[in-house]
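**Q** Chains as they are written, first to last, in our numbering: chain A, 540 to 864; chain B, 540 to 864; chain C, 53 to 320; chain D, 53 to 320.
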Amino acid sequence: MRDRAIRREGGVEYRFVPPDEFREHVRDRKSKAPAPKLFTAAEAVAAFVSDGDYIVYDFSSLTRGPQSLIREIIRQRKKDLWIGAEFTLHESPLLVGAGCASRIDVGFLGYGSYIGQAVCDGRVKAYEWTNGGIALRLLAGARGVPFLPTRDLLGTDNMKVSAAKVLNDPYTGDPVCVVPALNPDVALIHVHQADACGNARIFGTNLFALEASLASFRVILSAEEIVESDEFRKDPMRTTIPYFLVDAVVHAPFGAYPGAMPARYEIDLEHVDRLNAIRTDGQMREYLEEYIDSVADHEEFLDRKVGASRMKELRRRATVVEGYR
Amino acid sequence: MRDRAIRREGGVEYRFVPPDEFREHVRDRKSKAPAPKLFTAAEAVAAFVSDGDYIVYDFSSLTRGPQSLIREIIRQRKKDLWIGAEFTLHESPLLVGAGCASRIDVGFLGYGSYIGQAVCDGRVKAYEWTNGGIALRLLAGARGVPFLPTRDLLGTDNMKVSAAKVLNDPYTGDPVCVVPALNPDVALIHVHQADACGNARIFGTNLFALEASLASFRVILSAEEIVESDEFRKDPMRTTIPYFLVDAVVHAPFGAYPGAMPARYEIDLEHVDRLNAIRTDGQMREYLEEYIDSVADHEEFLDRKVGASRMKELRRRATVVEGYR
Amino acid sequence: MPRTVEFTDTEFMIAQGARLIEDGKTIFVGWGIPQVVAMLAQKLYVPNVIQLFEFGAIGPQSLLPFVRGTMGGPQNTYRSLQWLNMNWAFSYSAAGYMDYGMLGALQVDPYGNINSTHLGGTFERPERRFAGSGGGNQVASHCWKTIIVIKHEGRRFVPRVDFLTSPGYLDGPGAREKAGLPRGTGPHRVVTSKALFGFDEESRRMTLLSTLRGVTVEEVVKDMAFRPLVAREVFEVPPPTQEELRVLREEIDPDRFIIRGEKMTATP
Amino acid sequence: MPRTVEFTDTEFMIAQGARLIEDGKTIFVGWGIPQVVAMLAQKLYVPNVIQLFEFGAIGPQSLLPFVRGTMGGPQNTYRSLQWLNMNWAFSYSAAGYMDYGMLGALQVDPYGNINSTHLGGTFERPERRFAGSGGGNQVASHCWKTIIVIKHEGRRFVPRVDFLTSPGYLDGPGAREKAGLPRGTGPHRVVTSKALFGFDEESRRMTLLSTLRGVTVEEVVKDMAFRPLVAREVFEVPPPTQEELRVLREEIDPDRFIIRGEKMTATP
Chain A
540 MRDRAIRREG
550 GVEYRFVPPD
560 EFREHVRDRK
570 SKAPAPKLFT
580 AAEAVAAFVS
590 DGDYIVYDFS
600 SLTRGPQSLI
610 REIIRQRKKD
620 LWIGAEFTLH
630 ESPLLVGAGC
640 ASRIDVGFLG
650 YGSYIGQAVC
660 DGRVKAYEWT
670 NGGIALRLLA
680 GARGVPFLPT
690 RDLLGTDNMK
700 VSAAKVLNDP
710 YTGDPVCVVP
720 ALNPDVALIH
730 VHQADACGNA
740 RIFGTNLFAL
750 EASLASFRVI
760 LSAEEIVESD
770 EFRKDPMRTT
780 IPYFLVDAVV
790 HAPFGAYPGA
800 MPARYEIDLE
810 HVDRLNAIRT
820 DGQMREYLEE
830 YIDSVADHEE
840 FLDRKVGASR
850 MKELRRRATV
860 VEGYR
Chain B
540 MRDRAIRREG
550 GVEYRFVPPD
560 EFREHVRDRK
570 SKAPAPKLFT
580 AAEAVAAFVS
590 DGDYIVYDFS
600 SLTRGPQSLI
610 REIIRQRKKD
620 LWIGAEFTLH
630 ESPLLVGAGC
640 ASRIDVGFLG
650 YGSYIGQAVC
660 DGRVKAYEWT
670 NGGIALRLLA
680 GARGVPFLPT
690 RDLLGTDNMK
700 VSAAKVLNDP
710 YTGDPVCVVP
720 ALNPDVALIH
730 VHQADACGNA
740 RIFGTNLFAL
750 EASLASFRVI
760 LSAEEIVESD
770 EFRKDPMRTT
780 IPYFLVDAVV
790 HAPFGAYPGA
800 MPARYEIDLE
810 HVDRLNAIRT
820 DGQMREYLEE
830 YIDSVADHEE
840 FLDRKVGASR
850 MKELRRRATV
860 VEGYR
Chain C
53 MPRTVEFTDT
63 EFMIAQGARL
73 IEDGKTIFVG
83 WGIPQVVAML
93 AQKLYVPNVI
103 QLFEFGAIGP
113 QSLLPFVRGT
123 MGGPQNTYRS
133 LQWLNMNWAF
143 SYSAAGYMDY
153 GMLGALQVDP
163 YGNINSTHLG
173 GTFERPERRF
183 AGSGGGNQVA
193 SHCWKTIIVI
203 KHEGRRFVPR
213 VDFLTSPGYL
223 DGPGAREKAG
233 LPRGTGPHRV
243 VTSKALFGFD
253 EESRRMTLLS
263 TLRGVTVEEV
273 VKDMAFRPLV
283 AREVFEVPPP
293 TQEELRVLRE
303 EIDPDRFIIR
313 GEKMTATP
Chain D
53 MPRTVEFTDT
63 EFMIAQGARL
73 IEDGKTIFVG
83 WGIPQVVAML
93 AQKLYVPNVI
103 QLFEFGAIGP
113 QSLLPFVRGT
123 MGGPQNTYRS
133 LQWLNMNWAF
143 SYSAAGYMDY
153 GMLGALQVDP
163 YGNINSTHLG
173 GTFERPERRF
183 AGSGGGNQVA
193 SHCWKTIIVI
203 KHEGRRFVPR
213 VDFLTSPGYL
223 DGPGAREKAG
233 LPRGTGPHRV
243 VTSKALFGFD
253 EESRRMTLLS
263 TLRGVTVEEV
273 VKDMAFRPLV
283 AREVFEVPPP
293 TQEELRVLRE
303 EIDPDRFIIR
313 GEKMTATP
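Printed below as a string of structure tokens:
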């Protein structure tokens, strides 16, 4: 998909898939039958993430991010990925540091100097769409329309470095900004509960969980808990994503680690500090070796790099549970 | 607002308020302080509904419609209303029969021949926007944009009898339909639970409860139950409408009668049949006199025209409660 | 020798529609008769079909009996996978997730264009005004294959609809795409109380595919105000089965509000 | 004679910002320092302010202490009125419901234009790359009055931002409206660690309104790379109160990750 889906206009590159092409994928390739689709992370990433893919993820590095899936993508050293990310504090540095990502649409591009330096060095291209712009592009992708209008971005340099355009609104005659639909190749979403078929619940807010699930060619969920399918039909208001949007479900307790999973476990700020401290390629190599490449999978990571005591402590700290159920 | 907000183009009339005008109303007239705003239906309608207003309501005549508020509007004989309605089986005939409404944007325009005949006779103008078109127009109004695009309505006669337009999408070059934002004067929404300030919960699906609440100049809620404000902060995922969008809250048990309130009471099909049987102006006058004008308010209506036994029976029939909480 | 089975034209139409629905697929269900068709299908044939209703019920397993006139009530939205709202419901269809759409119609023309708005006169001053699109326009625009369910009354089959409410193939091949409607969509079948029609791949014109057992092609087309194409081989559709009739009469519509109609007989 | 109070420039900036927030109004809160400003304000001055966070928390009453770096976590979204998502959050602001927005900035220019993207070089190959807009662009575009919170370092106040990330008054009066941004919006205050600025109604240029008690106008403007307008009467802002400092140091940021900074003194 990548090559067809890259558009270049006046020095600006952007991802765009005409709605009809996306719709045909959905018709031909999305199974609507309620079949189990449980995979290991390694299987899911191998089967559903390809070199050159455009990937989005919900939510942020510190809260309910799909960190175990990101680590698996790095472990498999996928190449030439294009990331669409909002609050990407740690995923982007790691993906770029490991040589997996060549383009990032942001959003809010991390802190720490590693990723900033990578942009300055030209190792990765960072396109500025703003958080609102990315969310709106996904909404367009989810609504099957080629663009959506918005009254921001206007007047700023974002208009020059993105494919946002100005139209005259046919009802007021005033200028309005439009952004192109975004239909990623893959959405990675970490959820509180899923069943084997892909019905899923997120508790708390989300960035664009349903938008990204509707708009993406493939959807990989990781879930803290796998629950009975019947749960979802008993309480349909709490379903965030219905199964027929989903391609793979990975059972991943502590899948958001070192970030927090609201009402389940808190952030590991010490580990986050270690990530934030990465400044050189040497430090990056050390981190990747220590926490990703030297372990076979997420379970080994939890056993050897986090440990039961730490997990118990992070669970203990997650005392705010009101509203998350 | 009415006169400024009516646009006429090539024989088509439509409601349109430029986003900037709506925004200024919100800034200047919507109180964001958490003050109680409980009113009787008579007070709320007198204070917040004016002759000439454009009114929308959620959901349908048979399910969670704001029927007690509609009856109060008729009781007060508001004039020259413009209704934006989706599943309007009974409100439209009653509002037109009572001389309250002169224009209807639909939607799905009732059954029974009364309302159809009124359109044929030219007593009311019925503009065809389709359900999806009305919901999308409200979404545009709620998002503060002058229009939204969609890939329907195209190719049909709806394009000729509405203000929907065709644009060329700047990304594909293909034609796409756009509909103008809809910012009604008043939204009427019947909810399961509200607090005195206007925080509200609807259980089950809705048409456009949040869209209409964000997009409307004034919002009147009627609620089966008034609950403590603190309830909402304990479970923010269940809040449908936050208080600062709302202008008035009316406590109205059985407010959706003769329609159903999911998990609270069932439809009164006998009363619905009486409504469906109205064919002549004489029958309409009889109905209006019997059920609306001869009672002072909703409470007297319940006492004298429904009765405790009937209400008990309708509650008994509402046995499907799963998921509604 | 099989006994004769008795049924109404409505019952046949519903049963015929129910047999067309595929299991493990998605279907956007319009108000009224299509709901009953989907109920019968889900009960007897396609337990894993995903129904979608425009007011935001995704994947309900409706509770029987059918409460006439309702769509958003708790019976019809029972055991949904997800409850949302209308704009989300139409996102599912617009993004291509709805394999089928099923709609009623007041009039239909050779290209499967649907009128549900008015008969005679002008839009502003019609001779008779009906409910209009509801969400039918979106269903007919977005879903991959639209199935139209309509009583086989000649006056409903017209060369040109009085008002084009929901798009069929408009004025012929390529017209939908040219208008900007999603590529590869359009009317798929017309299910009537006597026959089944499809649409010719080339001309996009309505084509008679099969008739109720015992009904001739000539009986089907004689009252239609246009002459449909007729498939090379016209198949015979068996009448409602005992099981279809039992579910319709006992479980879905015991008061016979929906399934009443003209009495018919056929050999099972 | 009052004793001298000791505080950091960051603490003053936060306290000054907190005093600007109006009770019973709405404020769209940006990531980082603005969150701490809002926490202090809600704790001490404006219990009924409605905060809004871009990832969908409407009206939270954040739980203290502040967990550094977080915005979407359960502490920050605690006791919200409503939990939604980003597209809804920006609907609230775009439809005019947000009285205030509060944002940090890397650079700001005389028209209140914000750069948070890069310093030096070009966008494609900058000398230094920073986080970028996040949702700042939407906040600065939609909210009625934007408050910018920025350390008073001269290099941050530039005649022209290296990259215009979030709109101030662009190139002057009327420019926002001409660009299509919502009418009547724009930067309202610039809260720094030494002073407070507004914007001149006519020229839309940044205007010095007040300084920290004991800091002169000349001290404020000497490092700025442009000369702001200066109000006819420049007021004096008292330093952080004991209560402000107590809440900041004991309740909001006991580890002093946020509030550390240059040490200052002033008379209370």
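Ideal placement from N, C-alpha and C gives every residue a C-beta, glycine not left out.
Mind pulling the chain D residues with CB within less than 7 Å of B/T744?
**A** Those within 7 Å of B/T744 in chain D number zero; the least Cβ separation is about 16 Å.
**Q** CA-CA distance, D/L323 and D/L222?
**A** Summary: the structure shown does not reach residue 323 of chain D, with chain D confined to residues 53 through 320, and so no result is reported for it.
**Q** Since B/V785 and B/L746 should fall inside the 8 Å C-beta cutoff, what is the C-beta to C-beta distance between them, to a whole number of angstroms?
**A** Not a contact, Cβ separation roughly 18 Å.
**Q** Can you tell me which of the three DSSP states A/E763 falls into?
**A** The answer is strand: DSSP assigns A/E763 an E or B state.
**Q** Classify C/L158 as helix, strand or coil using the three-state DSSP reduction.
**A** Of the three classes helix, strand and coil, the one that applies to C/L158 here is coil, per DSSP.
**Q** Report the rounded CA-to-CA distance for B/G549 versus D/M138, giving the unit in angstroms.
**A** Rounded to the nearest angstrom, the two C-alpha atoms are 39 Å apart.
**Q** What does the alpha-carbon distance come out to for the pair D/T56 and D/E63?
**A** Taking the straight line joining both Cα atoms gives about 15 Å.
**Q** Comparing alpha-carbon positions, which option in A/Y553, A/R614, A/N670, A/P558 lies nearest B/D713?
**A** Among A/Y553, A/R614, A/N670, A/P558, the Cα nearest to that of B/D713 is on A/P558.
**Q** Against chain B, does A/Y710 count as a neighbour if the rule is that its beta carbon must be under 8 Å from one of theirs?
**A** Chain B contact via Cβ: present.
**Q** At a CB-CB cut-off below 7 Å, which residues of chain C make contact with A/R682?
**A** Neighbours of A/R682 on chain C, chain order: S143, A146, A147.
**Q** Which class does C/T317 belong to by DSSP, given the choice of helix, strand or coil?
**A** Strand.
**Q** Measure the C-alpha to C-alpha separation of C/S168 and D/F105 and round it to an integer number of angstroms.
**A** Distance between the alpha carbons of C/S168 and D/F105 is about 45 Å.
**Q** Please name the residue in B/F647, B/I654, B/E625, B/L814 whose C-alpha comes closest to that of B/V635.
**A** For the residues B/F647, B/I654, B/E625, B/L814, the minimum Cα distance to B/V635 belongs to B/I654.
**Q** Taking 8 Å as the CB-CB cut-off, is C/A247 touching chain B?
**A** Chain B, which has no Cβ nearer than 8 Å to the Cβ of C/A247, makes this no.
**Q** Count the other CB atoms within 10 Å of the CB of B/A574; is the residue buried (16 or more) or exposed (fewer)?
**A** So B/A574 ends up on the exposed side.
**Q** Taking DSSP as the reference, what is the three-state secondary structure of A/Q615?
**A** It is coil, neither helix nor strand.
**Q** Closest to C/V243 by CA distance: which of C/R228, C/S262, C/P225, C/G232 is it?
**A** Minimum Cα distance to C/V243 is reached at C/S262.
**Q** With a threshold of 7 Å on Cβ separation, who are the neighbours of D/L300 within its own chain once the five nearest residues in sequence on each side are excluded?
**A** Here the set comprises E63, I66, L92, I311.
**Q** Just reading off the beta strand (DSSP E) that B/T895 is part of, what are its end residues?
**A** Residue 895 of chain B falls outside the range modelled here, since chain B spans only 540 to 864, and no answer is possible.
**Q** Taking C-beta pairs closer than 8 Å, name the residues in chain C that A/E563 reaches, listed in chain order.
**A** Residues of chain C passing the Cβ test: G148, R235, G236.
**Q** Taking the DSSP output, what are the residues bridged to C/P239?
**A** According to DSSP, C/P239 bridges with C/T198.
**Q** Can you tell which of C/M258, C/D75, C/A192 has its C-alpha closest to the C-alpha of C/G148?
**A** It is C/A192 whose Cα lies nearest to the Cα of C/G148.
**Q** Using 8 Å as the limit for Cβ to Cβ distance, is A/M776 near chain C?
**A** Yes, because at least one Cβ of chain C sits closer than 8 Å to the Cβ of A/M776.
**Q** Return the residue from the list A/C716, A/D708, A/R554 that minimises the CA-CA distance to A/D696.
**A** Per the Cα distances, A/C716.
**Q** For B/L853 and C/G173, I'd like the C-alpha separation in whole angstroms.
**A** Distance between the alpha carbons of B/L853 and C/G173: 43 Å.
**Q** Given that C/G76 touches chain A, what residues does it touch there, using C-beta distances under 7 Å?
**A** Within 7 Å Cβ-Cβ: K571, A572.
**Q** By the criterion of Cβ-Cβ separation under 7 Å, what are the contact partners of C/W196 in chain A?
**A** Chain A residues near C/W196: R566.
**Q** Say whether the segment 782 to 799 of chain B touches the segment 101 to 118 of chain C, bearing in mind that this needs 3 or more beta-carbon pairs closer than 8 Å, one atom from each stretch.
**A** Short answer: they don't touch.
**Q** So, is D/Q134 buried or exposed, given that buried needs 16 or more other C-beta atoms within 10 angstroms?
**A** Burial call: buried.
**Q** Which class does D/Q127 belong to by DSSP, given the choice of helix, strand or coil?
**A** The answer is coil: DSSP assigns D/Q127 none of H, G, I, E or B.
**Q** Helix, strand or coil for C/V89, going by three-state DSSP, please let me know.
**A** Note: C/V89 maps to helix in three-state DSSP.
**Q** Helix or strand or just coil, what does DSSP make of D/N167?
**A** Of the three classes helix, strand and coil, the one that applies to D/N167 here is strand, per DSSP.
**Q** Do you know how far the Cα of D/K77 is from the Cα of D/H194?
**A** Taking the straight line joining both Cα atoms gives about 15 Å.
**Q** Contact between the segment 590 to 604 of chain B and the segment 626 to 633 of chain B is defined here as three or more beta-carbon pairs at a separation below 8 Å; is this criterion met?
**A** Flag = yes, the segment 590 to 604 of chain B and the segment 626 to 633 of chain B touch.
**Q** Is the CB-CB distance between A/G646 and A/W668 below 8 Å?
**A** Their beta carbons are under 8 Å apart, which means A/G646 touches A/W668 by this criterion.
**Q** Are the segment 751 to 759 of chain A and the segment 695 to 709 of chain A touching by the rule of at least three beta carbon pairs closer than 8 Å?
**A** Result no; under three Cβ-Cβ pairs closer than 8 Å.
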